[in-house]
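**Q**
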Amino acid sequence: MLLKLIILVLLVFLLAYCILPKGISWYLVKKFKVKVRIGSISLRYLALRNVDVSKSGFIVQIEEICLRSSFFNTEVTKLLSIYIRDIRINKDIQSNDVTAESLRDSERLHSKARQEEEKDVPDFRRAKVPPSILTFAQFMAMHINNISVVLMNNNFDPGWFIHATARELHLDGSIVHNDKTLLVNAALNDAQAKMLRHCPSRRQSLENLNKIQPCLGEISFDIALDATLFAHGPLSVDKLSLAMNNARSTIHGSLYDFLSEAKQRTKPQQNLESRVISTANSLSQRRKSFSNESYQKISPIIPKNFNFVIKAATFSAVKENSQNDFSAKIQLFSITGEFNSKSLNENASLP
1 MLLKLIILVL
11 LVFLLAYCIL
21 PKGISWYLVK
31 KFKVKVRIGS
41 ISLRYLALRN
51 VDVSKSGFIV
61 QIEEICLRSS
71 FFNTEVTKLL
81 SIYIRDIRIN
91 KDIQSNDVTA
101 ESLRDSERLH
111 SKARQEEEKD
121 VPDFRRAKVP
131 PSILTFAQFM
141 AMHINNISVV
151 LMNNNFDPGW
161 FIHATARELH
171 LDGSIVHNDK
181 TLLVNAALND
191 AQAKMLRHCP
201 SRRQSLENLN
211 KIQPCLGEIS
221 FDIALDATLF
231 AHGPLSVDKL
241 SLAMNNARST
251 IHGSLYDFLS
261 EAKQRTKPQQ
271 NLESRVISTA
281 NSLSQRRKSF
291 SNESYQKISP
301 IIPKNFNFVI
311 KAATFSAVKE
321 NSQNDFSAKI
331 QLFSITGEFN
341 SKSLNENASL
351 P
């Protein structure tokens, strides 16, 4: 009897800590075409730990993913809430060097765009809110704590990278008015982003190294988004409200030196770049000339009522001596707009 109990415990242990993580990883690979590795599973707390996800050059490392329910915890408001702790996202940006091959690719893209006409414009007129999103909004919520994002470009000289952090991100929703209206809420708190440069690859004197400031610019803010959609029937965004609080941006004097140095290093390919840019601009201008049909295709996702508010914002530029060279403050900035879909007989264009 004791031997059977020991064997049963070992089987449960193998299932929980070896087979189950591999099974979940295999399912995610088949379902979403992403590479997933799960370090361990805690059945007691319904948590996944040390989760690594990679796709398209992005590497996502998650310390813990756990599930909580209002049945077992009175602090949880939804039937099922997903809590993610300590998420790190890394991406190495490959340099898009301008060569004759890139020029030919741009020309082929331009030729293909001429033939496809408006096929690249998605059509939302018959789209509906997916049932999975309605289920998530009604019964689930997501809370992410301690977010870190690093975008690095080492192929460009001087190299640079962007480091962004956020204390917490909340995603929630609800269905009201007899299941006719979908409310979506998102809040990002204590978000910060910095753009920094690497030390130049060429040898520099000690005096020049002391003059180089690693931080080129930084920004911090809190942002909240509220959206109202029709839950059933054709997709339609009724209201969209975006509020940004405590925004602060700083541009350092080293940014000008960085851009000047980058411009000097790209001069040998200036002629080839101008040809590529000219081709890209012609393609961009063609895409901007929206026809009435294209306009009607995207009209369902354009908010009928839009409100954008910035409160307590500060913009400043700092010299190398860390003294404010320029500073501006905004107490309140608000934009309110309304949108009415035009008939098919009228000519419509986006600004």
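At position 172 of the sequence shown the residue is numbered 172 (UniProt numbering), and the sequence of numbers has no breaks. Backbone N, C-alpha and C define an ideal beta-carbon position, used for all residues, glycine too.
Out of 317, 187 and 296, state which residue places its alpha-carbon closest to the alpha-carbon of residue 245.
**A** Selected option, being the one with the closest Cα: 187.
**Q** Around the C-beta of residue 352, are 16 or more other C-beta atoms found within 10 angstroms, so that it is buried, or is it exposed?
**A** Since the first and last residues shown for the chain are 1 and 351, residue 352 lies out of range.
**Q** Check whether the Cβ of residue 294 lies closer than 7 Å to any heavy atom of the ligand MG, and answer yes or no.
**A** Summarising the ligand content, the structure contains no ligands, and the ligand MG is consequently not present.
**Q** Residue 67 by DSSP, collapsed to three states: which one?
**A** In the structure shown, residue 67 sits in a strand (DSSP, three-state: E or B).
**Q** State the DSSP-derived secondary structure class of residue 101, mapped to helix, strand or coil.
**A** Reliability of the predicted coordinates at residue 101 is poor, the pLDDT of 49 falling under 50, and the value obtained from them is presented with this limitation in mind. Helix.
**Q** Quick one: what does DSSP say residue 213 is sitting in, helix, strand or coil?
**A** It is coil, neither helix nor strand.
**Q** Is it true that the CB of residue 82 sits closer than 8 Å to the CB of residue 62?
**A** Their beta carbons are not under 8 Å apart, which means residue 62 does not touch residue 82 by this criterion.
**Q** Counting along the chain, where does the beta strand (DSSP E) carrying residue 176 start and finish?
**A** Here the beta strand (DSSP E) through residue 176 covers 160 to 176.
**Q** Which residues bound the alpha helix (DSSP H) around residue 19?
**A** No alpha helix (DSSP H) holds residue 19; DSSP gives it neither H nor E.
**Q** Can you tell me the Cα-Cα spacing of residue 272 and residue 77, whole angstroms?
**A** At residue 272, the pLDDT of 48 sits below 50, so the modelled position is not reliable and the matter cannot be decided from this model.
**Q** List the residues that DSSP assigns as beta-bridge partners of residue 332.
**A** For residue 332, which the question treats as bridged, DSSP gives the partners 311.
**Q** Put residue 243 into one of helix, strand or coil per three-state DSSP.
**A** Residue 243: strand per DSSP, three-state reduction.
**Q** Roughly how many angstroms lie between the CA atoms of residue 319 and residue 162, to the nearest whole one?
**A** Approximately 20 Å, taken between the alpha carbons.
**Q** Is it true that the CB of residue 216 sits closer than 8 Å to the CB of residue 177?
**A** In this structure, residue 216 does not lie closer than 8 Å to residue 177 by Cβ.
**Q** For the segment 35 to 65, list the beta strand (DSSP E) runs that are entirely contained and at least 3 residues long, ordered along the chain.
**A** You should have 35 to 42 and 47 to 55.
**Q** Pick helix, strand or coil for residue 253, following the three-state DSSP scheme.
**A** Residue 253: coil per DSSP, three-state reduction.
**Q** In angstroms with no decimal places, state the Cα-to-Cα distance between residue 127 and residue 334.
**A** Roughly 31 Å between the two C-alpha positions.
**Q** Do residue 226 and residue 241 come within 8 Å of each other at the CB atom, strictly closer than that value?
**A** Closer than 8 Å, so yes.
**Q** Do you know offhand how far residue 306's Cα is from residue 92's?
**A** Looking at the two C-alpha atoms, the distance is approximately 36 Å.
**Q** Quick one: what does DSSP say residue 224 is sitting in, helix, strand or coil?
**A** Residue state, collapsed to three classes: strand.
**Q** So is residue 35 buried or exposed if we call it buried at 16+ other beta carbons inside 10 Å?
**A** By the neighbour-count rule (16 or more Cβ atoms within 10 Å), residue 35 is not buried but exposed.
**Q** Give me the Cβ distance between residue 134 and residue 231, rounded to the nearest whole Å; I'm assuming they're in contact under 8 Å.
**A** Indeed, because the Cβ distance is near 6 Å, the residues count as touching under 8 Å.
**Q** Classify residue 68 as buried or exposed, calling it buried when 16 or more other Cβ atoms lie within 10 Å of its own Cβ.
**A** By the 10 Å Cβ count, residue 68 comes out buried.
**Q** Within 10 angstroms of its Cβ, does residue 295 collect 16 or more other Cβ (buried), or is it exposed?
**A** Buried, since its Cβ has 16 or more Cβ neighbours within 10 Å.
**Q** Name the residue from 229, 55 and 223 whose alpha carbon lies nearest to the alpha carbon of residue 130.
**A** Of the listed residues, the one whose Cα sits closest to residue 130 is 229.
**Q** So, for residue 171: in the same chain, excluding its five sequence neighbours on each side, which residues have a beta-carbon less than 7 Å away from its beta-carbon?
**A** Cβ within range, chain order: 141, 142 and 186.
**Q** Who are the near neighbours of residue 115 in its chain, counting only those whose CB is closer than 6 Å to its CB and skipping five residues on each side?
**A** Its pLDDT being 47, under 50, residue 115 is placed unreliably by the model, and the measurement read from it follows with that caveat. Here the set comprises nothing.
**Q** Please report the distance separating the alpha-carbon of residue 9 from that of residue 25.
**A** Residue 9 and residue 25: Cα-Cα distance of roughly 23 Å.
**Q** Please identify the residue among 233, 65, 224 and 328 whose C-alpha is closest to the C-alpha of residue 309.
**A** Ranking the options by Cα distance to residue 309, first place goes to 224.
**Q** To the nearest angstrom, report how far apart residue 103 and residue 262 are at their CA atoms.
**A** No answer about residue 103 holds up, because its pLDDT of 48 lies below 50 and its placement is not dependable.
**Q** Quick check on residue 221: buried or exposed, where buried means 16 or more other Cβ atoms within 10 Å of its Cβ?
**A** Result: buried.
**Q** Please check the pair residue 125 and residue 234, which I expect to be a contact at CB under 8 Å, by giving their CB distance rounded to whole angstroms.
**A** Indeed they touch by this definition, with Cβ atoms about 7 Å apart.
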